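According to the working numbering, the sequence shown holds residues 16 to 213 in order.
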Amino acid sequence: MTQVNEQRLDMDPGTGTLVPKTRKGLTLVYTGEGKGKTTAALGLVLRAVGRGMKTTVLQFIKSPQRTYGEQIALERLGVPIRQLGVGFTWTRTPEEHRAALETAWQTAKQTVMSGKYDLVILDEINNALAIQKFPIEDVLPLHEVLEVIEHRPSHVHLVLTGRHAHPEVICRADLVSEIHAVKHYYDEGIPAVKGIEF
């Protein structure tokens, strides 16, 4: 049996030629129906900050109209965090969501590709990519997300969170953790708890 040595290639921005990929930055995906995807990503932020890495968090669904516990904490640590969404899909019109997603994606793309940060969290981008209530492919194109994953600056670690991670995103990830809901206090009628959910 012949072994095939597959080598991944990158485009050298200086020469435009294909060169062997020298990626050092990892792609991590936290997905699944259970609670803790954003929390896991924020744990990485804490660890990265402790190691002197420049980090940022971009939240695709959460709205700047609310204040979140992670926002307060990260601002105290000097970590930029931005809520770029308008909330749950049933809270606003499709047009409002589409406009917010387009802005969020352009911001995310520029942030990742700038190379300014060592760790970039794209919180709930998986949820955004999975929206089916209205068309999003023209404002948050999957092929562009995949291109950013593949061709970002080599030192940038990238984390994508949210339910329903796309199979193509999963294929490109170095680590995928699927979080399952075994038991949740929501099932007992306990509402979201300040400091735990938000």
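We put the CB at the ideal spot given by N, CA and C, even for glycine.
Since the model is a prediction, treat every value here as computed from it, not as a measurement.
Tell me whether residue i is buried or exposed, calling it buried when 16 or more other Cβ atoms sit within 10 Å of its Cβ.
{"i": "residue 138", "result": "buried"}
{"i": "residue 108", "result": "exposed"}
{"i": "residue 77", "result": "buried"}
{"i": "residue 106", "result": "exposed"}
{"i": "residue 144", "result": "buried"}
{"i": "residue 53", "result": "buried"}
{"i": "residue 21", "result": "Any reading at residue 21 needs caution, since the residue's pLDDT is 46, under 50, leaving its predicted position unreliable; the model's value is listed next. Exposed, because fewer than 16 other Cβ atoms sit within 10 Å of the Cβ of residue 21."}
{"i": "residue 87", "result": "exposed"}
{"i": "residue 92", "result": "exposed"}
{"i": "residue 33", "result": "exposed"}
Whole-angstrom Cβ separation of residue i and residue j, contact assumed at under 8 Å?
{"i": "residue 46", "j": "residue 177", "result": "7 Å"}
{"i": "residue 116", "j": "residue 151", "result": "6 Å"}
{"i": "residue 73", "j": "residue 97", "result": "6 Å"}
{"i": "residue 40", "j": "residue 171", "result": "4 Å"}
{"i": "residue 90", "j": "residue 57", "result": "Actually they are not in contact, since the Cβ atoms of residue 90 and residue 57 sit about 13 Å apart, beyond 8 Å."}
{"i": "residue 167", "j": "residue 127", "result": "5 Å"}
{"i": "residue 183", "j": "residue 157", "result": "7 Å"}
{"i": "residue 75", "j": "residue 146", "result": "Between residue 146 and residue 75 the Cβ distance is about 10 Å, and since that is not below 8 Å, they are no contact."}
{"i": "residue 100", "j": "residue 119", "result": "6 Å"}
{"i": "residue 159", "j": "residue 131", "result": "Not quite, the Cβ-Cβ distance comes to about 19 Å (not below 8 Å), so this is no contact."}
{"i": "residue 187", "j": "residue 162", "result": "With 8 Å as the limit, residue 187 and residue 162 do not qualify as a contact, their Cβ atoms being about 10 Å apart."}
Is residue i helix, strand or coil by DSSP?
{"i": "residue 202", "result": "helix"}
{"i": "residue 97", "result": "strand"}
{"i": "residue 170", "result": "coil"}
{"i": "residue 78", "result": "coil"}
{"i": "residue 155", "result": "coil"}
{"i": "residue 126", "result": "helix"}
{"i": "residue 163", "result": "helix"}
{"i": "residue 212", "result": "coil"}
{"i": "residue 136", "result": "strand"}
{"i": "residue 53", "result": "helix"}
{"i": "residue 193", "result": "strand"}
{"i": "residue 89", "result": "helix"}
{"i": "residue 106", "result": "coil"}
{"i": "residue 30", "result": "coil"}
{"i": "residue 41", "result": "coil"}
Can you find the residues in the same chain that come closer than 7 Å, C-beta to C-beta, to residue i, ignoring five residues on each side of it along the sequence?
{"i": "residue 18", "result": "With a pLDDT of 42 at residue 18, under the threshold of 50, the modelled position of that residue is not reliable, and the figure given next carries that caveat. Excluding sequence neighbours, residue 18 sits near nothing in its chain."}
{"i": "residue 189", "result": "41, 42, 43"}
{"i": "residue 63", "result": "70, 133, 134"}
{"i": "residue 207", "result": "213"}
{"i": "residue 185", "result": "44, 191"}
{"i": "residue 104", "result": "112, 146, 148"}
{"i": "residue 175", "result": "44, 137, 140, 141, 184"}
With a CB to CB cut of under 6 Å and the five nearest residues on each side skipped, what residues in its chain are close to residue i?
{"i": "residue 193", "result": "46, 47"}
{"i": "residue 51", "result": "194"}
{"i": "residue 180", "result": "44, 46, 141"}
Whose C-beta lies closer than 8 Å to the C-beta of residue i among residues of the same chain, with five residues either side of it excluded?
{"i": "residue 16", "result": "A caution first: residue 16 carries a pLDDT of 41, below 50, which makes its placement in the model unreliable, though a value can still be read off. Contacts found: none."}
Mind checking if residue i is an interface residue toward chain B, Cβ cutoff 9 Å exclusive?
{"i": "residue 172", "result": "You won't find chain B in this structure, because it holds only one protein chain."}
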